[in-house]
Ligand code: ADP
Ligand code: ZN
Ligand code: ZN
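Residue numbers (the numbering used here): -2 to 734.
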């Protein structure tokens, strides 16, 4: 028997399968984790296929599979996981290594302990080291380095000359008991059961239940305004799924996976709930994953990567806020959780539910052409009104002499909120103090020395620094223009720090909580700040998009958007869609309870349809207008765009490789109908972390028609590129950069 093995390695150029002979003593199955000799070391690999005949039987003798690995840490791939690996490779052109790492349980990515094994007599090694090896089979690298002072390069030489062999061991950990039991409050259960669904909720639930009973995969879009009771529908459907002996997957954007959200599910399903998100420590993640694996949880709530949770009896997969861009992974493999969930639902005859107040154009278009079913929840529960929205034209404010960050209407509304002892949320999608520094004499803008990005001004106490939001670079604020030496440097653009600063000036004594990347770096900070705001320890919650979703605070009666244009003019065909979604989301934060809500949107582009239609909360009109525009431009959902980015510290090398990849793509796709292959061009961020970047876009109607050509071109170039060059691919690219 021959095993085709994928080696877990980072190096992209060895992205292929290797043949190994299987000793008779080993009974291997496809998906099995194995240890195999690889070059001068032992490596961990996975059996992808078993076959009778090697690819090139005569050329050389095959090495043997050393042993089968089987522990919690080197879990083998189940049949479904193996299927997912194939899916990630085909759909996203991912490497074997990245695909396997993505579907494996969290802990397999944990510690590897490097050990060395003696080959031969030990001659050529320091005598005391050789002596140690006569007493032990393997010796840890740490011991060799710390006790005997061997350096990395000495060890490397010993391996290269065949004195020692490398053996990587994954440290074993014992399983821990799952966390404390959660009490299911009886009254919560009764209350939940007693809640009478609205007519719209009933209709939605009925359709989902009918689909469930059919045991045939159906995809349902639930378009429901914020507060229309979508989550309540999910919960009822999940109850039914559990009663049927099946399992439920509930995906939520990372940011909205708050304690509020998980508590609500824990109250209803008790300890049958497992929660997975990236703020969990490795150990906690491991424990949750093990509970799922052992069938102790039937409801998994999690962020994007939970879409790989082992649920063999999957009955329903729900994506809440399905339009969220965080459902797309931005590193390899660039998967879209919606597509992975659909793949899994399809295999299990499960129902796929996509819920949102602002469904993505893709999903809504699919519903329109009949590939998805569509349900509407058009009214808020108890007919609570949506927030009344007022648009403030900041050009007019400016002309009439108001130069403050806060327009007169926003100031008046904030004053009222503070006087009545209510709370407000202020939203600005930019962090830092000022967003750039420009010279008024020569016009130059201060940029990062490593990236094609302007530097952001940050303040800490009395000192200001310039920071790059893409790399680690930071420098002191210059007093003279680096280009011309003039002293006329001026700060432009407003970030959350500046808003906080001005807020305190204009409303003395106001209590502000600022939430952005800078204030939530610490573990638990995110939750802590929200809890403080929930306890009314602050009057204003000020933040970036991390406060736009899912929050539900009783006393919030005002939402203010400081600048609605920040995301409007980005070089991204989805800019209008994202702006619209964000504004509608933010509006949903106000008036969810007894106090009616108001929203004030400050903008320099009040006439832009994304702004004006968001203010009217008119999704239908926005959808029609945006769809027509996309159609005329040949953009998604009428096409799909795949983007390659080629990078190298040397501009010429990067460009040459872009040309080579382009030639390869042309060879494979040049004659395929309905494909537009764009010439290489500098990426939007032409230099990032010291690397020059070029992009190639491929626009097509059917992925099937281009899959082979894309994969062949990309993999052919990957196996030939120089050490310093990288090519990344983003299939179905979302934000084109
Ligand atoms: P969404 O997920 O659409 O934002 P939720 O399901 O969170 O809406 O519902 C909003 C609020 O209304 C929640 O506090 C929820 O408990 C409550 N709610 C949901 N459905 C009903 C109902 N049929 N009757 C009364 N209250 C409801
Ligand atoms: Zn200058
Ligand atoms: Zn930088």
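A virtual CB, placed ideally from N, CA and C, is assigned to each residue, including glycine.
Burial check for residue 282: the Cβ neighbour count within 10 Å reaches 16 or more, so the residue is buried.
Remark: C-beta atoms of residue 607 and residue 577 approach each other more closely than 8 Å. In this structure, the alpha-carbon of residue 675 lies about 15 Å from that of residue 630.
One alpha carbon belongs to residue 390, the other to residue 706, and they sit about 50 Å apart. Contact between the region 315 to 335 and the region 259 to 273 is not established, with fewer than three Cβ pairs separated by less than 8 Å. Between residue 16 and residue -1 the beta-carbon gap is near 5 Å, inside 8 Å, which marks them as a contact. The shortest C-alpha to C-alpha distance from residue 645 to any of 83, 689, 657 is the one to 689. The secondary-structure analysis by DSSP pairs residue 451 across a beta bridge with 444.
When the beta-carbon positions are compared, residue 464 and residue 541 stay at least 8 Å from each other.
Residue side-chain check: residue 552 keeps its Cβ at 7 Å or more from all non-hydrogen atoms of ligand 1. Considered as a whole, the region 625 to 697 harbours 637 to 645, 672 to 674, 678 to 685, 688 to 697 as its complete beta strand (DSSP E) runs of no fewer than 3 residues, in chain order. Annotation for residue 686 indicates a beta carbon within 7 Å of some heavy atom of ligand 3. The closest CA to that of residue 635, considering only 111, 566, 362, is found on 362. For residue 399, the shortest C-beta to heavy atom distance toward ligand 2 is 7 Å or greater. Judged by the Cβ position, residue 433 fails to qualify as a neighbour of ligand 3 at the 7 Å threshold, every heavy atom of the ligand being at least this far. DSSP, reduced to helix, strand and coil, places residue 94 within a helical segment of the structure shown. Chain order is used for the residues whose beta-carbon lies nearer than 5 Å to a heavy atom of ligand 3, namely 445, 447, 448, 465, 467, 468, 470.
Comparing alpha-carbon positions, the option among 226, 209, 659 lying closest to residue 197 turns out to be 226.
In this structure, the CA atom of residue 709 is about 40 Å from the CA atom of residue 292. Rounded to the nearest angstrom, the gap between the Cα atoms of residue 13 and residue 721 is 21 Å.
Checking the 7 Å criterion, the Cβ of residue 476 is out of range of every heavy atom belonging to ligand 2. Straight across, the Cα-Cα distance linking residue 44 with residue 2 is about 5 Å. Relative to ligand 1, the nearest heavy atom lies less than 7 Å away from the CB of residue 223. In this structure, the CA atom of residue 611 is about 10 Å from the CA atom of residue 618. The region 659 to 669 makes contact with the region 694 to 705: 3 or more CB pairs, one atom from each, lie closer than 8 Å. Leaving aside the five residues that flank residue 359 on each side, the residues in its chain whose CB is nearer than 8 Å to its CB run, in chain order, 633, 634.
According to the DSSP assignment, residue 128 belongs to the alpha helix (DSSP H) that extends over 124 to 132. Residue pairing by DSSP places residue 34 opposite 39 in a beta bridge. Exclusion of the five residues before and after residue 480 leaves 436, 439, 441 as the residues of its chain whose Cβ lies within less than 7 Å of its Cβ. In this structure, DSSP gives residue 457 an extended state, which the three-state scheme calls strand. The closest CA to that of residue 454, considering only 471, 448, 446, 467, is found on 471. Per DSSP, the beta-bridge partners of residue 390 are 600. The beta carbon of residue 321 is closer than 7 Å to those of 250 in its chain, skipping five residues each way along the sequence.
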